[in-house]
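**Q** Sending over a structure as structure tokens; questions will come in a sec.
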Amino acid sequence: VWLDTNLRKAISEGQFELHYQPKKNLKTGKTESVEALIRWNSPERGLISPLEFIPYAEESGLIVPLGKWVMEEAARQAGKWKQQGLKIRIAINLSARQLRSPELINEFKKALLRENIFPSMLDLELTESCLIEDELLALNLIKEFSDLGAEVHLDDFGTGYSSLSHLARLPIDSIKLDRSFIHSIHNDIRAQRLLRSMVAVAQELELQVVAEGVETQDQLEFLRGIGVDHAQGYLFAKPMRVAELEVWMTHSS
Ligand code: G
Ligand code: G
Ligand code: MN
Ligand code: NA
Numbered sequence: 407v408w409l410d411t412n413l414r415k416a417i418s419e420g421q422f423e424l425h426y427q428p429k430k431n432l433k434t435g436k437t438e439s440v441e442a443l444i445r446w447n448s449p450e451r452g453l454i455s456p457l458e459f460i461p462y463a464e465e466s467g468l469i470v471p472l473g474k475w476v477m478e479e480a481a482r483q484a485g486k487w488k489q490q491g492l493k494i495r496i497a498i499n500l501s502a503r504q505l506r507s508p509e510l511i512n513e514f515k516k517a518l519l520r521e522n523i524f525p526s527m528l529d530l531e532l533t534e535s536c537l538i539e540d541e542l543l544a545l546n547l548i549k550e551f552s553d554l555g556a557e558v559h560l561d562d563f564g565t566g567y568s569s570l571s572h573l574a575r576l577p578i579d580s581i582k583l584d585r586s587f588i589h590s591i592h593n594d595i596r597a598q599r600l601l602r603s604m605v606a607v608a609q610e611l612e613l614q615v616v617a618e619g620v621e622t623q624d625q626l627e628f629l630r631g632i633g634v635d636h637a638q639g640y641l642f643a644k645p646m647r648v649a650e651l652e653v654w655m656t657h658s659s
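Everything in the sequence shown is counted per full-length UniProt numbering, starting at 407 for the first residue and increasing by one.
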């Protein structure tokens with residue numbers, strides 16, 4: 407009940423902020439994009455993790471207005487960075503419920519026009535559960551985003567079921583290897599083999615591979631060795647506010 411009343415209020419009062427976590431291109435060493443991660447800055451409870459309110463937002467449908475805010479805020483930030491001459495893309499997370507909103511693509515286009523940015527400046531991260539609920543709907547939406555020129559990434563890859571069938575059918579640009587595999591690298595030979603195989607499959611299909619949750623140098627070396635293209639995780643940086651990220655960018659090439 408606290409969540410319901412206060413989440414509605416928080417949306418109308420704009421109590422959210424986006425934090426941004428860098429993704430490093432392992433081939434060039436450059437940070438070309440960041441993932442936008444929402445936080446709720448509650449006057450009563452301070453910063454609240456999305457793990458605590460995204461599930462409820464999805465269940466209640468509040469994810470639709472909330473997701474719209476995320477898209478608009480990310481577009482605003484992309485517009486600012488563009489004006490500052492900073493070349494950096496922003497990836498936003500979409501949940502299944504948002505895909506069912508008929509306004510999604512129009513809202514996306516409107517946000518881009520308003521901020522005068524290209525679709526290629528916003529990437530979309532979809533989880534496999536998004537795809538399972540209504541595959542045809544997801545397929546059409548991914549095509550629309552892709553035709554506009556926005557990149558689509560498959561998040562938490564390998565944790566859902568029938569991952570491989572999605573790869574065959576969907577015009578996605580990259581897969582994001584789930585954190586749980588990365589976590590097991592150091593002591594689990596099967597996780598290593600699985601990662602190597604997933605990368606091989608992605609390469610056959612000409613998909614980029616992103617590893618998330620990279621925390622140690624050993625993990626990074628392993629991932630680099632098997633051909634992973636991009637990495638994200640505490641080893642490089644945690645999710646940060648804009649000001650902190652901008653300082654981080656100037657120090658990390
Ligand atoms: O930021 P991390 O700190 O705690 O995020 C936890 C989870 O919340 C992740 O699975 C992430 O994908 C999800 N999440 C973060 N921001 C958003 C968002 O804007 N929209 C959706 N749908 N999920 C998000
Ligand atoms: O599911 P999604 O990939 O969108 O999740 C992003 C989540 O991962 C956020 O909660 C973010 O805070 C968290 N995260 C980012 N880097 C790391 C990391 O190196 N280790 C762990 N354990 N979590 C991370
Ligand atoms: Mn994500
Ligand atoms: Na993920």
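Note that beta-carbon positions come from the ideal geometry of N, C-alpha and C, so glycine has one too.
Mind checking which residues open and close the alpha helix (DSSP H) that includes residue 462?
**A** First-last of the alpha helix (DSSP H) with residue 462: 456-466.
**Q** Looking at the secondary structure, which residues open and close the beta strand (DSSP E) in which residue 632 lies?
**A** Premise fails: residue 632 is in no beta strand (DSSP E) and is neither H nor E.
**Q** I want to know whether the segment 477-497 touches the segment 455-462 - three or more CB-CB distances under 8 Å.
**A** Touching, no, given that fewer than three Cβ pairs across the two stretches are closer than 8 Å.
**Q** Throw me the rounded Cβ distance for the residue 495 and residue 527 pair, which I believe falls under 8 Å.
**A** Their Cβ separation, rounded to whole angstroms, is 5 Å, which keeps residue 495 and residue 527 in contact under 8 Å.
**Q** Using only alpha-carbon positions, find the residue among 497, 445, 411 and 504 that is nearest to residue 582.
**A** Residue 497 is the option with its Cα nearest to residue 582.
**Q** Determine which residues share a DSSP beta bridge with residue 657 and list them.
**A** Its beta-bridge partners do not exist; DSSP assigns none.
**Q** Shortest alpha-carbon distance to residue 502 belongs to which of 518, 517, 561 and 552?
**A** Among 518, 517, 561 and 552, the Cα nearest to that of residue 502 is on 561.
**Q** If we ignore side chains and look at the alpha-carbon of each, how far apart do residue 549 and residue 487 end up?
**A** Spanning the two alpha carbons is a distance of roughly 27 Å.
**Q** Should residue 500 be listed as close to ligand 1, given that the test is whether its C-beta is under 8 Å from any heavy atom?
**A** At least one heavy atom of ligand 1 is nearer than 8 Å to the Cβ of residue 500, so yes.
**Q** May I ask you to check if the CB of residue 452 is nearer than 8 Å to at least one heavy atom of ligand 1?
**A** No - ligand 1 has no heavy atom lying nearer than 8 Å to the Cβ of residue 452.
**Q** Using the three-state DSSP reduction, which class does residue 624 fall into: helix, strand or coil?
**A** Three-state result, residue 624: helix.
**Q** DSSP beta-bridge partners for residue 585?
**A** BP columns for residue 585 are empty, so no partner.
**Q** Quick check: is any heavy atom of ligand 5 less than 8 Å from the C-beta of residue 620?
**A** Ligand 5 is not among the ligands present in this structure, which contains only ligand 1, ligand 2, ligand 3 and ligand 4.
**Q** Following the continuous alpha helix (DSSP H) through residue 483, name the residue where it begins and the one where it ends.
**A** Its alpha helix (DSSP H) spans residues 469-489.
**Q** Quick check on DSSP: helix, strand or coil for residue 518?
**A** Correct three-state label for residue 518: helix.
**Q** Mapping DSSP to helix, strand and coil, what is residue 678?
**A** No answer is possible for residue 678: it lies beyond the span of the chain, which begins at 407 and ends at 659.
**Q** Relative to the C-alpha of residue 558, which residue among 621, 573, 564 and 493 is closest?
**A** Comparing Cα positions, the closest option is 573.
**Q** Could you tell me the distance, in whole angstroms, from the CA atom of residue 594 to the CA atom of residue 513?
**A** So the alpha carbons of these two residues sit roughly 44 Å apart.
**Q** Judging by CA-CA distance, which residue of 518, 460 and 565 is the nearest neighbour of residue 585?
**A** The candidate whose alpha carbon is nearest that of residue 585 is 565.
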